[in-house]
Structure formats: structure tokens, C-alpha cells
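What follows is a single structure, written as C-alpha cells, with notes after it.
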Amino acid sequence: MKDEQKLQLQETRRLKLAELVDSLGTGGQKRLAEAISVAPDYVSRMLYPSGKKGKKGISGDMARKIEQKFAVGIGWLDGLIDNPRKHDAHEQGHVVYSTVQYFPLIDWKLPLTSAQKSTTPRVLLPALEECSVNAYWLEVRDDTMSGSAGANFPPGTLILVEPVSNELKPQNGDKVIAKSNGSDALTFKLYFNDAGFGWLRGILPGSPVLNAEEYTILGLVKGGWIR
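With the UniProt record's numbering, you'll find the sequence shown wraps up at 227, consecutive numbering, no jumps.
Set out below in C-alpha cells:
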């Protein structure tokens, strides 16, 4: 990459970061700093314009970390993904577009019942994904979806889940939340299709492969937030 291109990329990332901080409202710099485990002053210096003394560049690793923490698409800080525009919820059906939306962190049993809608959430977490108003966060409980450099969801990771609908069905390679048809047990797995048959498996080597016909897909995982 040429020096001019590097400078342009840094400026794009700086402006996108400023947009994110602004969307977080009062104390946005502090909230972002806490999310990525740096001092507020570090965030402030990442926002310095080019050439200002003490400026901190935004590396690729840092950009990806910020994107993952706030569940935006990979490449958003690089200007590769357009930020969703605000629309009226009724105009777009069940989908709400917003710069920042807040969704409840719920217990694993709640996606099974209507209690999800009637229980007042104790924690609301932000996301910049395009989601319906019924989206929610779950905390990963085991290590079956960890151990891969490409897709790593260790225990404690927060995952953003969009409930399935007639318009939203799992596709090959999607990460899903599924319920066993024989019990209320939930599982977080990769969905894949082989010769017309659906299967579920974890990322961890040696994880058992499950017949998707024996499960009900409840939601698609749209992002992750490693705390």
C-alpha cells in the first residue's frame, strides 16, 4: 500500500471512530475505552487529526477489535461497509435501522418462551448491526465455538442473535442458536448443508456433528463482543 493510501485509510478510520464515539452519547470516549481496554486518553489521541503531536494511529488489529466489540461488520472502520441509515420502523416492516441500537442480555432459557418480551432486562448492550427489535444478546457458556483463528467465541463472549423468521433462514456457514427437539437444551453451533442435509457442529476440533433435523433453529448470530 502506498503512503498516500495509508494516510487516507488512517483518516477514514479516524472519521469512522469519531462517528462511533459520537453515537455513544455523553461519555462516549470513556465507554469505548472501557470496551477495548485502553485509557480514555488513548482514544482521544486516536481521534487527533493527522500531524498533531501525540497522535495514535489505528492499526488493523485495533480496527477489527473495535468492530467486534460493537458488533459492526468487518471493514466498517475502513469505510468498506455503509453505516445503516435511520428509517421509520413501520416503513421497513420489522427491521429497524439505527446508528446504535440497544438489545437485552438475556438468560439462555428466555429465547424459548414469550418471557423474553415480558421480562425487563437487567442489562442493555449496544450494537451497530441491522437487526429487528426482537434481537438479543447471549453469553457463550462453553468452548465448542472457540479455538479457531478465523472465528473464535470463547466462554464469556457476548453474541448478538437475530431470531429466525419467514424472511430470515440459516444459510450454509451461518452461526446459529438451536434447540433440541427432544428437550429445552440450547446450543450454539455452525450450520452447514451437505448434499441437501443440514448439520450442526462446533469449531473446537473433535466436536460432534449433529443432525439439524433434530433441532429447531431459533436465531442467527450476527456479531460478537469479547469482554
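Note that CB positions come from ideal geometry on N, CA and C, so glycine has one too. From a predicted model like this one, the values you see are computed outputs, not experimental measurements.
Look at the alpha carbon of residue i and the alpha carbon of residue j, and state the distance between them as a whole number of angstroms.
| i | j | result |
| --- | --- | --- |
| Gly57 | Pro104 | 33 Å |
| Asn211 | Gly198 | 7 Å |
| Thr26 | Leu32 | 11 Å |
| Pro155 | Lys6 | 36 Å |
| Leu125 | Leu24 | 11 Å |
| Met145 | Ala127 | 21 Å |
| Pro163 | Asp3 | 44 Å |
| Leu17 | Gly196 | 43 Å |
| Gly54 | Arg64 | 22 Å |
| Ser165 | Cys131 | 12 Å |
| Thr187 | Val209 | 12 Å |
| Ser44 | Gln171 | 40 Å |
| Phe153 | Tyr48 | 33 Å |
| Lys52 | Val161 | 41 Å |
| Asn193 | Gly202 | 14 Å |
Within 10 angstroms of its Cβ, does residue i collect 16 or more other Cβ (buried), or is it exposed?
| i | result |
| --- | --- |
| Ala185 | exposed |
| Leu20 | buried |
| Gly219 | buried |
| Tyr102 | exposed |
| Leu204 | exposed |
| Leu15 | exposed |
| Ala149 | Any reading at Ala149 needs caution, since the residue's pLDDT is 46, under 50, leaving its predicted position unreliable; the model's value is listed next. That one is exposed. |
| Gly173 | exposed |
| Lys69 | buried |
Does the beta-carbon distance from residue i to residue j come in below 8 Å?
| i | j | result |
| --- | --- | --- |
| Ser180 | Glu214 | yes |
| Thr12 | Asp78 | yes |
| Lys175 | Val123 | no |
| Gln10 | Ser50 | yes |
| Ile217 | Tyr191 | yes |
| Ala178 | Lys169 | no |
In its own chain, which residues sit with a C-beta less than 6 Å from the C-beta of residue i, not counting the 5 before and 5 after it?
| i | result |
| --- | --- |
| Trp76 | Glu67 |
| Ser183 | none |
Leaving out five residues before and five after residue i in sequence, what residues of the same chain have Cβ atoms less than 7 Å from its Cβ?
| i | result |
| --- | --- |
| Leu39 | Residue identity check: residue 39 is Ala in the sequence provided, not Leu. Only Ala33 meet the Cβ criterion. |
| Gly28 | Val21, Asp22 |
| Asn134 | Pro163 |
Could you check if residue i belongs to the surroundings of the ligand GDP, using beta carbon to heavy atom distance under 7 Å?
| i | result |
| --- | --- |
| Ser183 | Among the components of this structure there are no ligands whatsoever, and the ligand GDP is therefore not found. |
Runs of 4 residues minimum, wholly inside the stretch 28–86: which ones carry the alpha helix (DSSP H) assignment?
28–36, 40–46, 60–69
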